[in-house]
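**Q** When the letters of the first sequence are read in order and numbered with full-length UniProt numbering, they come out as residues 1 to 228. There's a structure below that I have some questions on.
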Amino acid sequence: MSSLPGTVPRMMRPTPGQNYSRSGFPLEVSTPLGQGRVNQLGGVFINGRPLPNHIRHKIVEMAHHGIRPCVISRQLRVSHGCVSKILCRYQETGSIRPGAIGGSKPRQVATPDVEKRVEEYKRDNPGMFSWEIRDKLLKDGVCDRSTVPSGEASSVSSISRVLRARFGKKDDEDECDKKDEDGEKKTKHSIDGILGDKGRPEDTQPGPSSGSLFCRIEIEGDPNVGWR
DNA sequence: TGCGTCACGGTTGAG
DNA sequence: GTCTCAACCGTGACG
């Protein structure tokens, strides 16, 4: 198989004259946003951001058809390390979704026991205020003044946080899934958004329709919607 | 030549 | 509103 037009020979180290280091990038795509970059295979990517879902789908789809990772890499112009990583993850988790980027680990503001009680209180009385829950925790002896949920701000806000984590999550996930469906194309940070459709591999590469498998691949709920 | 792995610079978002 | 920091990202190079 011949290399794609514009493809830089693989495994070529940058010479001193080339202005990029081990992880520097040789080219930037001229866009209003100035975020797109071109890898050695001629593919466009945004440094630090996940590949668009349609590329990820395509990688998995081609692998399903028995196409070797190196071929997938060249066809889609995605580094083989990335192809390898995505396929490994797909095998392990069954999901093509990128992991949740950013954020901190949720801080343990209350013991599991206290969280459970807060959950019970809220379930029994959905209209209950955080300060009421705090008072009830004290009153019921679930915790004393030193162990009642307390964060940097206040114990009430800590309880609110517990409530958000317990009761506000489902809606958020639904919202994420919804965003994921159209967010990919709408967002100005997507490669699609930057390049329009000209950068889409389906348009430049012959191959099986991406639509068929799109329906078969299960998309899991994920806090990270990929392209925003 | 193909692939697994890792360092790197970058982005993101909760706290 | 701003900062910090730890999570993740894809690339590119090594073996």
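Glycine included, each C-beta is placed from N, C-alpha and C at the ideal position. Here the structure is a predicted model, which means the values were calculated and not measured.
1. Please identify the residue among LYS136, ILE46, ILE59 whose C-alpha is closest to the C-alpha of ARG89.
2. How is ARG77 classed by DSSP in three states: helix, strand or coil?
3. My output table needs one value for VAL44: the three-state DSSP class, helix, strand or coil.
4. Taking the alpha helix (DSSP H) that ARG134 falls in, what are its first and last residues?
5. Closest to ASN47 by C-alpha separation, out of SER95, ASN53, ASN39, would be which residue?
6. Would you tell me roughly how many angstroms separate the C-alpha atoms of VAL140 and ALA100, rounded to the nearest one?
7. List the residues that DSSP assigns as beta-bridge partners of GLY36.
8. Is the separation between the beta-carbon of ARG68 and that of GLY42 shorter than 8 Å?
9. Out of curiosity, what's the CA-to-CA distance linking ARG56 and GLY103?
10. Would a C-beta distance cut-off of 8 Å place CYS70 and LEU51 closer than the cut-off?
**A** Let me lay it out:
1. Of the candidates LYS136, ILE46, ILE59, the one whose C-alpha sits nearest the C-alpha of ARG89 is ILE59.
2. ARG77 sits in coil when the DSSP states are folded into three classes, being neither helix nor strand.
3. In this structure, VAL44 counts as strand in the three-state DSSP scheme.
4. It spans 130-139 - the alpha helix (DSSP H) in which ARG134 sits, taken as one unbroken run.
5. Ranking the options by Cα distance to ASN47, first place goes to ASN39.
6. According to the sequence displayed, residue 140 carries Asp and not Val. When rounded, the separation of the alpha-carbon atoms in ASP140 and ALA100 is 38 Å.
7. DSSP output for GLY36 lists ILE46 as bridge partner(s).
8. Not in contact: ARG68 and GLY42 (Cβ atoms no closer than 8 Å).
9. One Cα belongs to ARG56, the other to GLY103, and the distance between them is close to 23 Å.
10. Cβ distance not < 8 Å, so CYS70 and LEU51 don't count as in contact.
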